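Participant: Before we start, here is the structure in question, set down as structure tokens.
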Amino acid sequence: QEFVHASEIIFEDVSFSYRQDEPILRALSFRVPIGKHVAIVGPTGSGKSTIIRLLCRLYEPQKGKILLDGIDIRALPLSVLRHRLGVVLQDTFICSGNVAMNLRLNAQITNAQILKTCQSLGISPFLNSLSKGLETELRERGGNLSSGERQLLSVARVAIRNPSVLVMDEATASMDPSTEATLQRDLESLLDQRTAIVIAHRLATIEAADQILVLKQGKLVEAGTHVEL
Ligand code: ATP
Ligand code: MG
Numbered sequence: 351q352e353f354v355h356a357s358e359i360i361f362e363d364v365s366f367s368y369r370q371d372e373p374i375l376r377a378l379s380f381r382v383p384i385g386k387h388v389a390i391v392g393p394t395g396s397g398k399s400t401i402i403r404l405l406c407r408l409y410e411p412q413k414g415k416i417l418l419d420g421i422d423i424r425a426l427p428l429s430v431l432r433h434r435l436g437v438v439l440q441d442t443f444i445c446s447g448n449v450a451m452n453l454r455l456n457a458q459i460t461n462a463q464i465l466k467t468c469q470s471l472g473i474s475p476f477l478n479s480l481s482k483g484l485e486t487e488l489r490e491r492g493g494n495l496s497s498g499e500r501q502l503l504s505v506a507r508v509a510i511r512n513p514s515v516l517v518m519d520e521a522t523a524s525m526d527p528s529t530e531a532t533l534q535r536d537l538e539s540l541l542d543q544r545t546a547i548v549i550a551h552r553l554a555t556i557e558a559a560d561q562i563l564v565l566k567q568g569k570l571v572e573a574g575t576h577v578e579l
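Here it is as structure tokens:
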């Protein structure tokens, strides 16, 4: 696999509201150094997923800026920005079709390349466990997969794109221990050498993070390592 150039992310005094007079993020500033992993925790509705939406430029902050390797993301073509970010969302988008189609989406990647990347990252056990491997048919919205399995698929989907930044909104649903263990292993290899922002719900993620940011009502109220907090 080619070398991954990791990136630095900076949120600088970012304020945002979906609607007027309803601030969701308030003067939010933080930095994710190259290759480091930041976990964001906070109560439901505190604005965690909104941070990801702003980073992907689904919305724009009314105030402040977001920098990727020192460049304001507004100055980057969307295609470049989204090529650099590998995004795993809470609810993985699954379309009817086989696993290979779901992993590849619109990218020009052969089945052999998918398998090679997943193998090198150690992500293949899940794919191998499927009755027909990459040819396994999935139902629309992934009805025949558990929530944990959908996240595994999503992690593989991101891995084959080899992004410099991993952005993840962890599923809140609990997983069976074996899926959880597989996910943990897959994430460890995917996170290696990459910069990451993870909205964390699992203790394993929080413990492994270089820094934990605690968000409350759109404000950063605490920051530190698991041991410090
Ligand atoms: P959870 O832990 O439940 O996923 P969260 O911290 O990710 O919560 P966000 O999804 O960032 O929370 O939402 C923050 C606030 O913004 C919530 O009050 C939510 O209702 C509101 N919100 C989210 N999306 C929109 C939208 N598209 N339009 C208006 N308000 C929204
Ligand atoms: Mg959320």
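Going by the UniProt record's numbering, the first residue of the sequence shown is number 351, and it counts up by one from there.
Every residue gets a Cβ at the ideal spot worked out from N, C-alpha and C, and that includes glycine.
Since the model is a prediction, treat every value here as computed from it, not as a measurement.
Along the chain, where does the beta strand (DSSP E) containing residue 363 start, and where does it finish?
Facilitator: Here the beta strand (DSSP E) through residue 363 covers 359-366.
Participant: Checking 8 Å against the spacing of the C-beta atoms, do residue 564 and residue 414 come in under that value?
Facilitator: The answer is no: Cβ separation not under 8 Å.
Participant: Using the three-state DSSP reduction, which class does residue 577 fall into: helix, strand or coil?
Facilitator: In this structure, residue 577 counts as coil in the three-state DSSP scheme.
Participant: Select from 479, 432, 359, 492 the residue whose C-alpha is nearest the C-alpha of residue 609.
Facilitator: This structure cannot speak to residue 609, because the chain is shown only from 351 to 579.
Participant: Which residue wins for smallest C-alpha separation from residue 528, given the options 482, 553, 476, 560?
Facilitator: The residue with the shortest Cα to Cα distance from residue 528 is 476.
Participant: Using the rule of at least 16 other Cβ atoms within 10 Å of the residue's Cβ for burial, across every protein chain shown, is residue 436 buried or exposed?
Facilitator: Burial call: buried.
Participant: Could you tell me which residues DSSP pairs with residue 381 in its beta bridges?
Facilitator: According to DSSP, which records beta bridges pairwise, residue 381 is partnered with 360.
Participant: Between the stretch 357-364 and the stretch 373-380, are three or more C-beta pairs nearer than 8 Å?
Facilitator: Contact between the stretch 357-364 and the stretch 373-380 is present, because at least three Cβ pairs lie under 8 Å.
Participant: Is DSSP giving residue 387 helix, strand or coil here?
Facilitator: Residue 387: strand per DSSP, three-state reduction.
Participant: Does the separation of the CB atoms of residue 440 and residue 522 fall below 8 Å?
Facilitator: Yes. Within cutoff.
Participant: Counting pairs of Cβ atoms below 8 Å between the stretch 549-558 and the stretch 391-408, do you hit three or more?
Facilitator: Taking 8 Å as the limit for Cβ pairs, the verdict is that the stretch 391-408 does touch the stretch 549-558.
Participant: Assign residue 537 to one of two classes, buried (16 or more other C-beta atoms within 10 Å of its C-beta) or exposed (fewer than that).
Facilitator: The residue is buried, with at least 16 neighbouring Cβ atoms inside 10 Å.
Participant: Using 10 angstroms around the beta-carbon of residue 460, count the other beta-carbons present and answer buried if the total reaches 16, otherwise exposed.
Facilitator: When all chains shown are included, residue 460 counts as exposed.
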